[in-house]
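Notes to accompany the following structure.
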Amino acid sequence: AAKNIYSADNWELLKATLILKAAGAYTAFLSDEIRILAGAYSRALSGTPQAQNQEKAAYNLAQGYFNQALGLWYAGEKFSPEAKADVEAKVAKMIEVYKSRLETADWLAQETRDKAIVKLNVIKPYIGYPDALPERYYKKIIDPSKSLVENAIELNKIDIAHSWSKWNKPVDIKEWGMPAHMVNAYYNPQKNLIVFPAAILQAPFYSLEQSSSANYGGIGAVIAHEISHAFDSNGASFDEYGSLNNWWTEEDYAAFESRTQQVIDQFEGQDSYGAKINGKLTVSENIADLGGIAAALEAAKSEEDFSAEEFFTNFARIWRMKARPEFMQMLASVDVHAPGHLRTNIQLPNFDEFHETFGVQEGDGMWRAKEDRVIIW
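Okay, so the sequence shown: first residue is 667 according to the working numbering, each after it adds one.
Here's what the structure looks like:
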């Protein structure tokens, strides 16, 4: 309990912790020797043999404070209006496909299906980059007469003031939570919106030069993954307005939990470079991956040039990664995402089309019996 932590007996320890946290927050802005020394622990955890060079460290500091500005520049250079229009069309199509899948989810009562579709219909998509640079960025002016630490403090004040300015004000649903140059995407359950920055709308995830099947196996699966978060083990607790509200019948939620447990069981204890995957920790992302693949595959099949091989191959391609064993072991203990090789090799055997396309038979490493294949959405 909090009263046991915030007590007179712990006062000196609390003070020491606050001092350590405050000092640690500014190590990157002091001498290079201090920066390198302060990063020793995290490098040991991740198996990184040496610190970033000074140029990379400086870039990370600068983009941290000016990331939305850098993102808008990146989007202008790398994301064409034609690509934006095409991705917007793909998002609209994925929402329609998801709607049809919800309508035919016969393990749900009609009442629950109707409420899920209401939520789906008002999901707000944001593609590529925000409409404008946030107002506070125009206040972020570097003073060359001050030290790096002093400038950092002033920039922090601007960001903190912005956070406090939101108190008791209408939610700005157009405020982006990540910059356009970040290779990532997200669903916000409290705003019921999905965001796809320009950097993830590049090959191999997406390209106007790729086949439609490759694009659906890449960005299509990512789009549907984010939509799936509206109906995963976390998003299922929020309604169409982003409010915590139970819109499920008891019977339907019990059926959902049963399917969720099947996903947990598929990942629980899987090996990742000597570490064991926690099925409960990763379940939300695994449900989203499963729903994403299913919806994207259905969308891909509607195209004249459909190729299941290109679809599955590009899904595997987007989750390639190169990392040290120590880093992968660390991720297994803290990351809500399963490692890339398991996102592919555990998920794809749930699909009949995968077995048919690659001739996977009983006795093969990726064979999964039909009764053990799981589909939720």
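Don't be surprised by glycine CBs; every beta carbon is placed ideally from N, CA and C.
For residue i, collect the residues of the same chain with a Cβ closer than 6 angstroms to its Cβ; drop the 5 residues on either side in sequence, then sort them by chain order.
i, result
"Ala-865", "His-847, Met-848 and Val-849"
"Glu-934", "Gly-945"
"Ile-889", "Val-757 and Met-760"
"His-1007", "none"
"His-828", "Arg-802"
So is residue i buried or exposed if we call it buried at 16+ other beta carbons inside 10 Å?
i, result
"Gln-776", "exposed"
"Leu-947", "buried"
"Arg-1009", "buried"
"Asn-822", "exposed"
"Thr-778", "buried"
"Trp-842", "buried"
"Gly-957", "buried"
"Asp-780", "exposed"
"Tyr-882", "buried"
"Trp-773", "exposed"
"Asp-1038", "exposed"
"Asp-971", "exposed"
"Gly-1029", "exposed"
"Lys-835", "exposed"
"Ala-741", "buried"
"Lys-790", "exposed"
"Arg-1034", "buried"
"Ile-930", "buried"
"Gly-690", "exposed"
"Val-861", "buried"
"Ala-706", "exposed"
"Pro-863", "buried"
"Gly-1031", "exposed"
Take residue i and list the residues in its own chain whose beta-carbon comes closer than 8 angstroms to its own, dropping the five residues that flank it on each side.
i, result
"Gln-720", "Asp-698"
"Leu-910", "Ser-903 and Phe-904"
"Asp-838", "Lys-832"
Report yes if the C-beta distance between residue i and residue j is below 7 angstroms; otherwise report no.
i, j, result
"Ile-1042", "Gln-932", "no"
"Gly-901", "Pro-855", "yes"
"Ile-885", "Tyr-872", "yes"
"Ala-717", "Ile-702", "yes"
"Lys-759", "Ala-965", "yes"
"Leu-867", "Val-753", "yes"
"Glu-906", "Val-757", "no"
"Met-996", "Ser-712", "yes"
"Leu-814", "Phe-922", "no"
"Thr-693", "Ala-710", "no"
What did DSSP end up calling residue i once you bin it into helix, strand or coil?
i, result
"Val-784", "helix"
"Pro-791", "strand"
"Asn-854", "strand"
"Asp-937", "strand"
"Val-1000", "helix"
"Val-1040", "coil"
"Val-1026", "coil"
"Ile-866", "helix"
"Leu-947", "coil"
Leaving aside the five residues before and after residue i along the sequence, list all residues of the same chain whose C-beta is less than 7 angstroms from its C-beta, in chain order.
i, result
"Thr-926", "Ser-899, Val-949 and Ile-953"
Examine chain D for any beta-carbon lying closer than 7 angstroms to the beta-carbon of residue i, and answer yes or no.
i, result
"Ile-783", "Among the chains of the structure shown, chain D does not appear; only one protein chain is present."
Discussion item. Check whether the stretch 935-947 and the stretch 986-994 are in contact - that is, three or more C-beta pairs closer than 8 angstroms.
Written reply: The stretch 935-947 vs the stretch 986-994: in contact.
Worksheet item: How do the stretch 758-773 and the stretch 867-879 stand: do at least 3 beta-carbon pairs fall below 8 angstroms, yes or no?
Response: Between the stretch 758-773 and the stretch 867-879, the count of C-beta pairs closer than 8 angstroms stays below three; the two stretches do not touch.
Discussion item. Does the contact criterion of 3 or more C-beta pairs under 8 angstroms hold for the stretch 970-982 versus the stretch 1014-1026?
Written reply: Result yes; three or more Cβ-Cβ pairs closer than 8 angstroms.
Discussion item. For the pair the stretch 680-689 and the stretch 793-807, tell me if three or more CB-CB distances fall below 8 angstroms.
Written reply: The stretch 680-689 is not in contact with the stretch 793-807.
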